[in-house]
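Written out below as structure tokens is the structure these notes cover.
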Amino acid sequence: MTEVREHLLDRIAVREWPHPAPRLLVVVVHGYGEHAGRYDELAGVLTGYGAAVYGPDHVGHGRSAGERVVIEDFEDVVGDVHRVAGLARAAHPGLPLVMVGHSMGGLIAARYAQRYGEELSALVLSGPVIGVWELPGRLLALDEIPDTPISPGALSRDPAVGAAYAADPLVWHGPMKRPTLQAFVRTLRTVAEGGGIGALPLLWLHGDDDRLVPPAGSRIGVERLAGGRATERIFAGARHEVFHETDRAAVHAEVIAFLDRVLPG
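Position 109 of the sequence shown, counted from 1, bears residue number 320 in the numbering used here, the numbering being contiguous throughout.
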């Protein structure tokens, strides 16, 4: 088990997976309904590579304050993540900063790169909610949001991943909420209109059997964001959470190879 430290930035709980002498910083931006603690294995890979890793629980998620899974404005969440990056840089000044965003976290990380891209050395997006994602519009058209939580089987072919997700008390197992769906729609539009990220290196990871966030919709957003310069890795048979998939060792290896290519030194 990787060592973990806990921080509190006002309402936001932050995990730190420390490194005694890091050569880079990584901020992990988790997805909808979950929490940063689910990325312990990825953090172990990254600390093994020489990173100090930080992961906030977004407002309304995990150990952070707020009504469960209610995000009124993703711009505020981007601001929270920026404060976490500041915490990391204050502890370890002068190091390159990499952001890894999964799913909803990919939307947040993409918007972060539009707002604060000059502070980043690389961006990794996993199953990102950018481009075209039809689910919020479909649900908002209904008079009542159905109480149909995310199916654990949609996350990974590894049944242990689904079982752990279903049993995790820090995961939200109820319906999506209207303010959050409305915020998704607004922020998808904001990112679409927010411009590219210039020369910032971008690695896009996706499972080709991702039914929660289909890769065809994300591709539109990735191409718009990176202007055709993204490194793309689509994993055959993989579902939504490539970092928790049966072939996650190959996913981890792609991340490390990408960082080797793009980071200074």
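Yeah, the Cβ is synthetic: ideal placement off N, Cα and C, and Gly gets one too.
Item                                                                                                                                                                                  : Value
Rounding to the nearest angstrom, what Cα-Cα distance links D287 and G242 in this structure?                                                                                          : 16 Å
Give every residue of the same chain whose Cβ lies closer than 8 Å to the Cβ of H303, excluding the five residues on either side of it in the sequence, and list them in chain order. : P233, L236, A263
Would you call the region 349 to 363 and the region 388 to 402 in contact, with 3 or more CB pairs under 8 Å?                                                                         : yes
Mark T391 as exposed unless 16 or more other C-beta atoms lie within 10 angstroms of its C-beta, in which case mark it buried.                                                        : buried
Between the region 273 to 290 and the region 243 to 255, do three or more beta carbon pairs fall short of 8 Å?                                                                        : yes
Just to confirm my understanding: we take Y376, look at its own chain, exclude 5 residues before and 5 after, and list those with CB closer than 7 Å. What are they?                  : P363, L366, V382
Using C-beta distances below 6 Å, list every residue in its chain close to W415, excluding the 5 sequence neighbours before and after it, in chain order.                             : L336, V433, A441, E443
Closest by CA to E355, which one among G338, P426, R389?                                                                                                                              : R389
Quick check: what's the CA-CA separation for P267 versus V280?                                                                                                                        : 14 Å
By how many angstroms is the C-alpha of H293 removed from the C-alpha of L308?                                                                                                        : 11 Å
Within 8 Å, do at least three Cβ pairs link the region 315 to 326 to the region 457 to 465?                                                                                           : no
In the structure shown, what three-state DSSP assignment does S429 receive?                                                                                                           : helix
Beta-carbon of L336 versus every beta-carbon of chain C: anything under 9 Å?                                                                                                          : Absent here is chain C; the protein component of the structure consists of one chain.
For the alpha helix (DSSP H) holding A321, just list the boundary residues, first then last.                                                                                          : 315 to 327
Under 9 Å, do R430 and H451 count as touching if we go by C-beta distance?                                                                                                            : no
Enumerate, from N- to C-terminal direction, the unbroken beta strand (DSSP E) stretches of 3 or more residues contained entirely within the region 224 to 264.                        : 235 to 240
Locate the alpha helix (DSSP H) running through E465, then write down its first and last residues.                                                                                    : 459 to 473
Just checking my contact of L331 with L220 at CB under 8 Å: how many whole Å lie between their CB atoms?                                                                              : L331 to L220, Cβ: 19 Å. No contact.
In chain order, what residues of the same chain lie with their CB nearer than 7 Å to the CB of D369, ignoring the 5 residues before and after it?                                     : H455, E456, T457
Cβ atoms of Y327 and A301: under 9 Å apart, would you say?                                                                                                                            : no
Report yes if the C-beta distance between S474 and I408 is below 9 Å; otherwise report no.                                                                                            : Just to set this straight, residue 474 is Leu in the shown sequence, not Ser. Not a contact, by the Cβ cut-off of 9 Å.
Could you tell me the distance, in whole angstroms, from the CA atom of V343 to the CA atom of E404?                                                                                  : 13 Å
My output table needs one value for H293: the three-state DSSP class, helix, strand or coil.                                                                                          : helix
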